[in-house]
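Here's the structure we're looking at; comments come further down.
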Amino acid sequence: MILYTPVPVDYLLSLSGKERNFKEIPYGDATIVAEVMEEGTYQVVRVISSNPDDYMNPELQPGCQITFKPVFQGQE
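Residue 70, in the numbering used here, is where the sequence shown stops; the numbers in between run on with no holes.
Encoded structure:
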């Protein structure tokens, strides 16, 4: 494989060893694939939806960070 990039090869190869934790999270009518940054904070990686408007939502753009608070059923 040939990589045409100005980035040093050593740097690119060092990235492959990082363990990344992804979760699929329902968000309205869409599903987002997000990387867990810390507890309750996620970074959007991908949007999965059949509605084109979900892809234009600025809150769901890849790279955006979102915060979720756990909600327990049965508690008010």
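No residue lacks a Cβ here, since even glycine has one placed at the ideal position from N, Cα and C.
- Looking from the CA of residue 54, the closest CA among 44, 63, 13, 37 belongs to 37.
- If you check the CB distance, residue 41 and residue 48 come in under 8 Å.
- In the DSSP assignment, residue 49 falls within the alpha helix (DSSP H) that extends over 46 to 50.
- Setting aside the 5 residues that flank it on each side, residue 59 is surrounded in the same chain by 31, 35, 36, 37, 38, each with a C-beta closer than 8 Å to its C-beta; the list follows chain order.
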